[in-house]
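Notes follow the structure.
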Amino acid sequence: MARVDIIMPQMGESIAEGTLSKWLKKVGDEVKRDEPIFEISTDKVDAEIPAPAAGVIAEILVKEGETVAVQTVVARLETEKGAPISKDDQPAPAAASPAPSAGKTGQPAAPQRESTPASAPSRQQHDAPAIAAPHSGNGNSFEDRVRTKSSPLVRKIAAEHGVNISSLQGSGVAGRVTKRDILGFIESGANAPAGAPSRPGFAAPSHPLPLPEAWPGDVVEPMTKMRALISDHMVASRHTSAHVTSFIEIDFTRVARIRAKKRAEFEAATGQKLTYMPFIIKAVTDGLKAFPIMNSSVAGTNVIYRKQMNIGIAVALDWGLIVPVIKRADDLSISGITRALNDLAARARAKKLSPEEVQEGTFTITNPGVFGSLMGTPIINQPQVAILGVGAIEKRPKVLTGADGEDVIAIRTCAYFSISFDHRVIDGAVADQFMAFLKKTIESFPETGL
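So the numbering used here is basically just the index in the sequence shown, starting at one, shifted up by 176.
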């Protein structure tokens, strides 16, 4: 009999662990090669993982909801159809895991899995701040490498607050420091190493708020992995950037007329539905060229001006939110943007995105207007410095000046746009000029622009 190990994949260079969120198959099920067998959640993407070969599921070693290191064997596949599967091959609580802890000699200790795995800490453990741990190793052990291989956001926060990640014991696999760990450590008021840079104006709360308690009749449900990651990311963004939001109203009447006139021809030629969003994305890329600071990132006291214009589009899912990225959107026409946008949104909802398709965004657009929201104050998607919010595009009565100079009331198709920006590097005047540029571009969009 031949058996094939099914492993937790490496879904991106900076990702050291993943959560097995759902099994799509059970022990004894026959599967085809490349057929989805389980779903995972990481801090970058939700995805379905295909079978590496055809066969029968012989063992399931990791339960739903468990977080394990990449390359962990999560199941085994019997590649000979009809091979017997014993009861001993049911989910095993003592399966091997490549997420060891270092022993006294600095070598990986024998891997173990307990009923409450170290990679899935209890609420008390997860909410507790990371604690400084003695660190006398040479930095080359498995534990050292995994702990310091935190996400780029964690390393950014640590650098801004002068925290040495390698000196912390985190709640992630092999002590990996998570976003919640680094924020908890900072908020605890722990001192940074001597001589480390401090963040001006930052004051850790002296009295953390107590956790609320459930009352009789309440329903208590743990956050999904995706929801917990979104929570961490939003809190970290608020801690990192100096958020300011500005608003502007944009008249879409011209674009609405172009869209109505060209829609049938466009959809016949491309097979794609023409919405307002490609027009907005096109205006945004032009605006980023005119105001490069809007397409930047902050690295300590340096500003990185991105040459690529990779536009992230927030997509609402039934189970959370994901931001697929249109790479080099400034090189695309309206039809090219439409194809990329529709393709990414469809595959996001089907959990078919690859890690690369949700990474390296330089500017994000969120569209709560599709749900009827007039305006909002979105949180910046780190490590970007701005995010555009698009409100409902709808007909409104507006006061216009007629050809004879008299004011008239007309029906116009309008929307409120908001821009949340990082005031550390973007002045209010620049953000407002960027928004005025979007307004002018959209309101004068050329009919030949398709």
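Note that CB positions come from ideal geometry on N, CA and C, so glycine has one too.
Anticipated Cβ contact below 8 Å, A490 with T540, distance rounded:
Position 314 of the sequence shown, counting from 1, holds the residue named residue 490. Position 364 of the sequence shown, counting from 1, holds the residue named residue 540. With 8 Å as the limit, A490 and T540 qualify as a contact, their Cβ atoms being about 6 Å apart.
Please classify G548: does DSSP put it in a helix, a strand, or coil?
Against the sequence shown, residue 548 aligns to sequence position 372. Coil.
By Cβ distance below 6 Å, which residues in the same chain neighbour T195 in space, the five residues on each side in sequence not counted?
Counted from its first residue, the sequence shown places residue 195 at position 19. Taken in chain order, the residues that qualify are S217, T243, K401.
Between the C-alpha atoms of R482 and A459, what's the straight-line distance to the nearest angstrom?
Position 306 of the sequence shown, counted from the start, is the residue given in the question as residue 482. Position 283 of the sequence shown, counted from the start, is the residue given in the question as residue 459. A straight line joining the alpha-carbon of R482 with that of A459 spans about 18 Å.
Determine the direct distance from the alpha carbon of P454 to that of I585, and round the result to whole angstroms.
Within the sequence shown, residue 585 is the residue found at index 409, counting from 1. Within the sequence shown, residue 454 is the residue found at index 278, counting from 1. Answer to the nearest angstrom: the Cα atoms are 29 Å apart.
Tell me where the alpha helix (DSSP H) around I456 begins and ends.
Here residue 456 refers to the residue found at position 280 of the sequence shown. Looking at the DSSP string, the run of the alpha helix (DSSP H) that includes I456 is 453 to 466.
Determine the DSSP secondary structure at S509, reduced to helix, strand or coil.
Position 333 of the sequence shown, counting from 1, holds the residue named residue 509. Coil, per DSSP.
Taking C-alpha atoms, which residue in D507, K528, P500 lies nearest to L517?
Along the sequence shown, read from residue 1 onward, the residue named residue 517 stands at position 341. Answer by Cα proximity: P500.
Quick check on DSSP: helix, strand or coil for T617?
Translated into the one-based positions of the sequence shown, residue 617 becomes position 441. If DSSP states are grouped into helix, strand and coil, T617 belongs with the helices.
By the three-class DSSP mapping on this structure, what secondary structure does R403 have?
The residue you call residue 403 lines up with position 227 of the sequence shown. R403: helix per DSSP, three-state reduction.
Got a sec, what are the start and stop residues for the alpha helix (DSSP H) I595 sits in?
Working through the sequence shown from its first residue, we reach residue 595 at position 419. In the DSSP annotation of this structure, I595 is not part of any alpha helix (DSSP H); the continuous beta strand (DSSP E) holding it starts and ends at 583 to 598.
For M184, count neighbouring C-beta atoms within 10 Å of its own C-beta (all shown protein chains included) and say buried if the count is 16 or more, exposed if not.
Locating residue 184 in the sequence shown gives position 8, counting from the first residue. Buried.
Proximity winner among P226, K201, K208, E254, relative to E240 (alpha-carbon distances):
Numbered from 1 along the sequence shown, position 64 holds the residue referred to as residue 240. With distances taken between Cα atoms, E240 lies closest to K201.
With DSSP collapsed to three states, give me the class of E425.
For this step, residue 425 is matched to residue 249 along the sequence shown. If DSSP states are grouped into helix, strand and coil, E425 belongs with the strands.
Paired residues, beta bridge with V479 - DSSP
Translated into positions along the sequence shown, residue 479 becomes position 303. The partner list for V479 (beta bridge, DSSP) reads V474.
Please indicate yes or no: does the CB of S511 lie closer than 8 Å to some heavy atom of the ligand ZN?
Although the ligand ZN was asked about, the structure shown includes no ligands whatsoever.
Decide if P559 is buried, meaning its Cβ has at least 16 other Cβ atoms within 10 Å, or exposed.
If you number the sequence shown from 1, residue 559 lands on position 383. Its Cβ being crowded by 16 or more others within 10 Å, P559 is buried.
Please report the distance separating the alpha-carbon of T577 from that of D583.
For the purposes of this step, residue 577 is taken as residue 401 along the sequence shown, with counting starting at 1. For the purposes of this step, residue 583 is taken as residue 407 along the sequence shown, with counting starting at 1. Taking the straight line joining both Cα atoms gives about 4 Å.
In whole angstroms, give me the CA-to-CA distance for I487 and Q186.
The sequence position of residue 487 within the sequence shown is 311, counting from 1. The sequence position of residue 186 within the sequence shown is 10, counting from 1. So the two alpha carbons sit approximately 24 Å from each other.
Leaving out five residues before and five after Q288 in sequence, what residues of the same chain have Cβ atoms less than 6 Å from its Cβ?
Within the sequence shown, numbered from 1, the residue matching residue 288 stands at position 112. Caution is warranted here: a pLDDT of 37 is assigned to Q288, below 50, making its placement in the model unreliable, and the coordinate value is therefore given only provisionally. Excluding sequence neighbours, Q288 sits near nothing in its chain.
Exposed or buried, Q535, counting other C-beta atoms within 10 Å across all chains shown (16 or more means buried)?
Position 359 of the sequence shown, counted from the start, is the residue given in the question as residue 535. Its Cβ being crowded by 16 or more others within 10 Å, Q535 is buried.
Do you know whose CA, among T477, K465, M470, H337, lies nearest H415's CA?
For the purposes of this step, residue 415 is taken as residue 239 along the sequence shown, with counting starting at 1. For H415, the nearest C-alpha among the options comes from H337.
Under the three-state reduction of DSSP, which class applies to T243: helix, strand or coil?
Position 67 of the sequence shown holds residue 243. Strand.
What are the start and end residues of the beta strand (DSSP E) that includes V249?
Translated into the one-based positions of the sequence shown, residue 249 becomes position 73. Annotation: the continuous beta strand (DSSP E) that includes V249 extends over 249 to 254.
Give a yes or no on contact between the segment 589 to 596 and the segment 402 to 412, applying the rule of three or more CB pairs nearer than 8 Å.
no
Should T624 be labelled buried (16 or more other beta-carbon atoms within 10 Å of its own) or exposed?
Counting from one through the sequence shown, the residue named residue 624 turns up at place 448. With fewer than 16 Cβ atoms within 10 Å of its Cβ, T624 is classed as exposed.
Contact the segment 601 to 613 vs the segment 556 to 575: 3+ CB pairs below 8 Å
When C-beta atoms of the segment 601 to 613 are compared with those of the segment 556 to 575, three or more pairs fall below 8 Å, so the two segments count as touching.
Going by other Cβ atoms of all chains shown within 10 Å of its Cβ, with 16 needed for buried, is G548 buried or exposed?
In the sequence shown, residue 548 corresponds to position 372, counting from 1. With fewer than 16 Cβ atoms within 10 Å of its Cβ, G548 is classed as exposed.
Taking all protein chains shown into account, do 16 or more other C-beta atoms lie within 10 angstroms of the C-beta of N478, making it buried, or fewer, making it exposed?
The sequence position of residue 478 within the sequence shown is 302, counting from 1. So N478 counts as exposed.
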